Amino acid sequence: MARSLIIGAGGQLGTVLTQALRDIHGNDQVVRSDMRELDNITGPFEVIDATDADRIAEVVKKYEIEEIYHLAAILSANGEKNPLGTWDINMKTLFNVLEVSRMNGVKKIFYPSSIAVFGSEVNQQNTPQSSFLNPSTVYGISKAAGENWAQYYFQRYGLDVRSLRYPGVIGYQSLPGGGTTDYAVDIYHKAIEGATFSCFLEENTTLPMIYMEDAIRATIELMQAPKENIKTRTSYNLAGMSFSPKEIASSIQKIYPDFEITYEPDFRQQIAASWPQSIDDSRAKGDWGWNPKFNLESMTEDMIKNLKLKYSKAE
Ligand code: AKB
Numbered sequence: 018m019a020r021s022l023i024i025g026a027g028g029q030l031g032t033v034l035t036q037a038l039r040d041i042h043g044n045d046q047v048v049r050s051d052m053r054e055l056d057n058i059t060g061p062f063e064v065i066d067a068t069d070a071d072r073i074a075e076v077v078k079k080y081e082i083e084e085i086y087h088l089a090a091i092l093s094a095n096g097e098k099n100p101l102g103t104w105d106i107n108m109k110t111l112f113n114v115l116e117v118s119r120m121n122g123v124k125k126i127f128y129p130s131s132i133a134v135f136g137s138e139v140n141q142q143n144t145p146q147s148s149f150l151n152p153s154t155v156y157g158i159s160k161a162a163g164e165n166w167a168q169y170y171f172q173r174y175g176l177d178v179r180s181l182r183y184p185g186v187i188g189y190q191s192l193p194g195g196g197t198t199d200y201a202v203d204i205y206h207k208a209i210e211g212a213t214f215s216c217f218l219e220e221n222t223t224l225p226m227i228y229m230e231d232a233i234r235a236t237i238e239l240m241q242a243p244k245e246n247i248k249t250r251t252s253y254n255l256a257g258m259s260f261s262p263k264e265i266a267s268s269i270q271k272i273y274p275d276f277e278i279t280y281e282p283d284f285r286q287q288i289a290a291s292w293p294q295s296i297d298d299s300r301a302k303g304d305w306g307w308n309p310k311f312n313l314e315s316m317t318e319d320m321i322k323n324l325k326l327k328y329s330k331a332e
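Structure, rendered in structure tokens:
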């Protein structure tokens, strides 16, 4: 069993992935880390600023880490507020993880990429794996470069780096921060609170999305797949479902008929318009058996059930 380090464990995916890996391997085998102390710390935890390679190396040596999930990054919308700073952080943290891993015998790395790698050159319907990449955001540019660096480290040094191009991830367990797809989490919270939701995208802006449970399962299945099955060493297209703000609002209205949505598009509309509407993930399906379970209706039911529970416990 490989001992794992999660960098960015306090984020939207990290929070849930840590728990999922601990459920499989045991608390002691999964080291959480984040830029700052986290609440509810159980099991091993370390503060790591991933721009500091020495600190990553220190933790890797201390726990004899064999597997790193590098989840820390500045996302699409926040990245546009500070393009050069975002490039520096997203690339430096990746290089640090790759170099520390290479120098210290870490065997496997998970690197999240994103649908943000795609831009205006692609067919937006069922976007193929091997499309030309001309991303519109600095986040997308950093992920497109990062995917190629992942492949370079595999080809040049044999480092087993694996990656997924996540769509927008939606879950009740944690909140996203600074992305263009964040509205699709926020909308459920507003529905539970009985508030009107003001959406920063236009009503018919369709984007690829995935439910958290599927996103976590995809990550774990990719990491557990036999090495010879991983034939894409940049990053795998990954799909769950696709919908627009109007469609997610209608699915919520089936449970909360009085729920209201208004539209006040901002700079994120332009980012969303440059992204695919749906994704062809047939390579992931063929190489390591990927198959999503949730669609919009089943996700809405599960989100509302779990958020209601969470809100009632908090009262
Ligand atoms: C974002 O909106 O920036 C992210 C992503 C799709 O990578 N959720």
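First residue of the sequence shown? That's 18 in my numbering, and the numbers climb one at a time after it. By construction, the Cβ of each residue, glycine as well, lies at the ideal position given by its N, Cα and C atoms. What you are looking at is a predicted structure, and each value in this text was computed from that prediction instead of being measured.
beta-carbon Val123 near ligand 1 non-hydrogen atom, thresh 7 Å: Not so, every heavy atom of ligand 1 lies at least 7 Å from the Cβ.
Inter-residue Cα distance where the pair is Ile58 and Gln172: Near 38 Å, if we compare the C-alpha coordinates of Gln172 and Ile58.
Phe171, DSSP secondary structure in three states: Three-state result, Phe171: helix.
Three-pair Cβ contact test at 8 Å for the segment 161-168 versus the segment 220-234: In short, these stretches do not touch, since the Cβ pair count stays below three.
N- and C-terminal bounds of the beta strand (DSSP E) containing Tyr128: Note, Tyr128: beta strand (DSSP E), 125-131.
Bridge partners - Arg182, DSSP secondary structure assignment: According to DSSP, Arg182 bridges with Ser130, Asn254.
Between the CA atoms of Thr35 and Ala74 - distance to the nearest angstrom: So the alpha carbons of these two residues sit roughly 20 Å apart.
Pairwise C-alpha distance: Met52 and Arg119: Distance between the alpha carbons of Arg119 and Met52 is about 23 Å.
Three-state secondary structure (DSSP) of Pro293: In the displayed model, Pro293 falls within coil according to three-state DSSP, outside both helix and strand.
Test item: CB-CB of Gly60 and Val77 under 8 Å: Taking 8 Å as the Cβ cut-off, Gly60 and Val77 do not qualify as a contacting pair.
Residues bridged to Ile278 (per DSSP): For Ile278, which the question treats as bridged, DSSP gives the partners Phe214.
Simplified DSSP state of Asp66, which is helix, strand or coil: Annotated three-state conformation of Asp66 is coil, per DSSP.
Identity of the residues DSSP links to His87 by a beta bridge: The secondary-structure analysis by DSSP pairs His87 across a beta bridge with Ile24.
Collapsed DSSP secondary structure at Phe112 in the structure displayed: Helix, per DSSP.
Gln29, buried or exposed, once every other Cβ within 10 Å from all chains shown has been counted against 16: Under the 10 Å beta carbon count, Gln29 is surrounded by 16 or more other beta carbons and is classified as buried.
Start and end residues, beta strand (DSSP E) containing Tyr228: Start and end: 224-228.
Distance CB(Leu88)-CB(Tyr170) smaller than 8 Å: Tyr170 sits away from Leu88, with the two beta carbons spaced by 8 Å or more.
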